[in-house]
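Asker: The structure follows.
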Amino acid sequence: MWSYVIKRLLLMIPTLLGILLITFVIAQFVPGGPVEQMVSQLQGRGGGTEGRATTGGYRGRQGVDAKRIEEIKKLYGFDRPAPERFLHMLGQYARFDLGRSFFHNKDVWQLILEKLPVSISLGMWTFLLVYLISLPLGIAKAVRAGTRFDTVTTFIVLLGYAIPSFVMGVVLLVLFAGGSFVQWFPLRGLTSLNWPELSLAGKITDYFWHITLPVASMVLGGFAVITILTKNSVLEEIRKQYVLTARAKGVDERKVLWKHVFRNALIPIMTGFPAAFVGAFFTGSILIETLFSLDGLGLLSYESVIRRDYPVVLGSLFLFTIIGLFTTLLRDLSYVWVDPRVKYFG
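Numbering (the numbering used here), first residue to last: 588 to 933.
Dropping the structure here:
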């Protein structure tokens, strides 16, 4: 077991380096970098995506002297060769220094910590509600397979899956946030303007009042995959010989279901657990954050890519990759806890 864990930890290093290297190389060829955007702003064009000339220079050179352009390159660190910048970045990341944003003029760590409350709020409640509802629902569908309950719930979860979360958010805003019907929930933000003045109970109420519609938008479309996967996994276990033997011996049906069937059926369900966990907590939903004016990590990542804010892009990628690698390792190790028959040999 421990040799397997050590090998997996060692394999994380080249995996992480490979992801960072590929992203860094791609970033070098993307037009409209921070230098070009700054030169374009000095020229009064306001955008930088058209700034790279076919000769390898900057179209913004017209009207901006070469010395000023070199100063801008030095400001962003582009006065050094790409391999040197990459090695410098790796040295920073080894110390968990994610650098400083080009456009926000803040440390990347500070930016991430500022956006975390929104992403954690969306991710935590979405993740919990999806699993707390989907697992029991999937088990109930498996036990009642072929009945009207199974048919109706399948139609409902597939209908929710077919509707994009952004469209669902718009519908909920129109219905419950002052559209054409009632205004029971706020339009934007995670808390009210008078949040600091509220009591503890008032803060809790205000928080859930604001988070209800965004979370509902993300949850309604997330039931289908987990529910159907749970149903199929439980059905497969119910039809196995050991379940028939336990029933023939007179073992209580609840004991058969929860002690034997569910434990074995949990293994394939856990396959998507780390991806769902990381996705829910750290990527968020760009469209939902935009729709409800929630400034989270999803919106930060999107804006960083658009503005070519490379420290934020690469720093966030570094952090999320580490989290993803470790959660994948935890998923594999949890197989042993769920099913002692699983052995790792290293």
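Here a beta-carbon is modelled for each residue, glycine too, at the ideal position from N, C-alpha and C. Keep in mind it's a predicted model, so treat the numbers as computed, not measured.
Three or more C-beta pairs closer than 8 Å, one from the stretch 723–732 and one from the stretch 815–826: is that the case here?
Answerer: yes
Asker: Is it right to say residue 601 is buried, meaning 16 or more other beta carbons lie within 10 angstroms of its own, or is it exposed?
Answerer: Burial call: exposed.
Asker: If you count every other CB in all the chains shown that lies within 10 Å of the CB of residue 840, and 16 or more means buried, which is it?
Answerer: exposed
Asker: Under the DSSP definition of a beta bridge, which residues are partnered with residue 764?
Answerer: 770
Asker: Which full runs of the alpha helix (DSSP H) of 4+ residues lie inside the stretch 805–882, going along the chain?
Answerer: 810–825, 828–835, 849–857, 860–865 and 873–878
Asker: Can you give me the C-alpha to C-alpha distance between residue 636 and residue 753, rounded to a whole angstrom?
Answerer: Because residue 636 carries a pLDDT of 42, less than 50, the predicted location of this residue cannot be relied on, and no value is offered for it.
Asker: With residue 711 as the anchor, note down where its alpha helix (DSSP H) starts and where it stops.
Answerer: Counting along the chain, the unbroken alpha helix (DSSP H) around residue 711 starts and ends at 695–730.
Asker: Starting from residue 750, trace the alpha helix (DSSP H) both ways and give me its first and last residue.
Answerer: It is not in any alpha helix (DSSP H) - residue 750 carries neither H nor E in the DSSP assignment.
Asker: When DSSP labels each residue in this structure, what does residue 737 get in the three-state scheme?
Answerer: helix
Asker: Between the stretch 829–846 and the stretch 765–775, do at least 3 Cβ pairs fall closer than 8 Å?
Answerer: no
Asker: If you drop the 5 nearest sequence neighbours on each side, which residues of the same chain put their C-beta closer than 7 Å to that of residue 812?
Answerer: none
Asker: Is the CB-CB distance between residue 706 and residue 698 below 7 Å?
Answerer: no
Asker: Mind reading off the beta-carbon distance from residue 901 to residue 611? Whole number of angstroms is fine, and I expect it under 8 Å.
Answerer: 7 Å
Asker: Starting from residue 934, follow the alpha helix (DSSP H) in both directions and report where the run begins and ends.
Answerer: In the structure displayed, the chain extends from 588 to 933; residue 934 sits before or after that span and is not available.
Asker: I believe residue 708 touches residue 613 by the beta-carbon criterion, under 8 Å. Please report the beta-carbon distance rounded to the nearest angstrom.
Answerer: Not really, about 32 Å apart at Cβ, beyond 8 Å.
Asker: Exposed or buried, what is residue 634 when buried is set at 16 or more other beta-carbons lying within 10 Å of its beta-carbon?
Answerer: The predicted model places residue 634 with a pLDDT of 42, which falls under 50 and marks its position as unreliable; any figure quoted below should be read in that light. With fewer than 16 Cβ atoms within 10 Å of its Cβ, residue 634 is classed as exposed.
Asker: What I want to know is whether the C-beta of residue 608 ends up closer than 6 Å to one or more non-hydrogen atoms of the ligand SAH.
Answerer: Within the structure as shown, the ligand SAH is missing, as the structure has no ligands at all.
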